[in-house]
Every structure is written in C-alpha cells, then in structure tokens.
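Here is the structure we will look at, set down as structure tokens.
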Amino acid sequence: MEKQTTLEPLYELLRRDTSLEAGSSLQRAILKKFFRASRVNIKKADSGYKVKIWPMLSTKKTASFIFNIPQSQMHSFLQSCIKNDTRGRNFYTGMMKYLMLNKNPN
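Taking our numbering, I'd label the letters of the sequence shown as residues 47 to 152.
What follows is the structure, encoded as structure tokens:
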C-alpha cells in the first residue's frame, strides 16, 4: 500500500497535466524513462495522441515506433508506466519533489 500512496501527488499532477496539453515535458519524461528512449514526440491526433518513440539502443538513426492513445486513456497509460517501472522509483520520487517545489501557483 505504501508504494501507491507515496507517488499519489505525482499522479494528481499527471491527471491535471494530461487534461491540459499533449506532449508536456512531464509526459515525455515518463515515456523516455519507461521505454528507455532517446527522444519522444507526442502530438494531438483525431481523438487522442500520436506518440513516436526513438529507442536509445538502436543502431539505426531512423528507428522509431509509433502508437496512438485515446485522450481519455492517456493519464492511466502514463500512470501504469510509472507503476510498472520498479527500477525507476527514485527517478519518479525525485520528479515529484521537483514538480511540487517548482509548481506554478496558477
């Protein structure tokens, strides 16, 4: 139970972030970490988001993969990336602390 509650503020920031914009630095950072990517591009598509990821360990500069995520599922997708990245716990905790300390007062 402890694992779920310690990152709850990050999940709340993520919930607000995904409702506001596509391709924020928060969204890209989570996907880069989870997929071990060198680059992530997120664009608004018809009814959701088009995500393009360039793997870090690829030998080809043009290697990438693309997938679509419905807008209503973006938050839960990113949250599941965090929950399933067991080795990235310190990264996400640090990200949460940074965002909480530097959040916009608006």
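Note that the Cβ used here is the ideal one computed from N, Cα and C, for glycine as well.
query = From this set, 87, 104 and 133, which residue's C-alpha is nearest residue 112's C-alpha?
reply = The sequence position of residue 112 within the sequence shown is 66, counting from 1. Among 87, 104 and 133, the Cα nearest to that of residue 112 belongs to 87.
ask   = DSSP beta-bridge partners for residue 111?
value = If you number the sequence shown from 1, residue 111 lands on position 65. Answer is 99.
query = If you run the structure through DSSP and keep just helix, strand and coil, what is residue 91?
reply = Your numbering for residue 91 matches position 45 in the sequence shown. If DSSP states are grouped into helix, strand and coil, residue 91 belongs with coil.
request  = With DSSP as the reference, label residue 83 as helix, strand or coil.
outcome  = To locate residue 83, count along the sequence shown from 1; it is residue 37. Reduced to three states, the DSSP call for residue 83 is strand.
request  = Could you round the C-beta distance between residue 90 and residue 68 to whole angstroms and report it? I think they count as a contact, below 8 Å.
outcome  = As a position in the sequence shown, residue 90 is number 44, starting the count at 1. As a position in the sequence shown, residue 68 is number 22, starting the count at 1. Right, the Cβ-Cβ distance comes to about 4 Å (below 8 Å), so this counts as a contact.
ask   = Which residues mark the beginning and the end of the alpha helix (DSSP H) in which residue 130 is found?
value = For the purposes of this step, residue 130 is identified with residue 84 of the sequence shown, where counting begins at 1. Note, residue 130: alpha helix (DSSP H), 120 to 130.
key: Inter-residue spacing [alpha-carbon to alpha-carbon] between residue 79 and residue 128   = For this step, residue 79 is matched to residue 33 along the sequence shown. For this step, residue 128 is matched to residue 82 along the sequence shown. Cα to Cα, the separation comes out at about 9 Å.
message = If I follow the unbroken alpha helix (DSSP H) through residue 65, where does it start and stop?
response = What you label residue 65 is simply residue 19 of the sequence shown in a count that begins at 1. It spans 54 to 66 - the alpha helix (DSSP H) in which residue 65 sits, taken as one unbroken run.
Pairwise C-alpha distance: residue 102 and residue 148 = Looking up residue 148 in the sequence shown gives position 102. Looking up residue 102 in the sequence shown gives position 56. Residue 148 and residue 102: Cα-Cα distance of roughly 29 Å.
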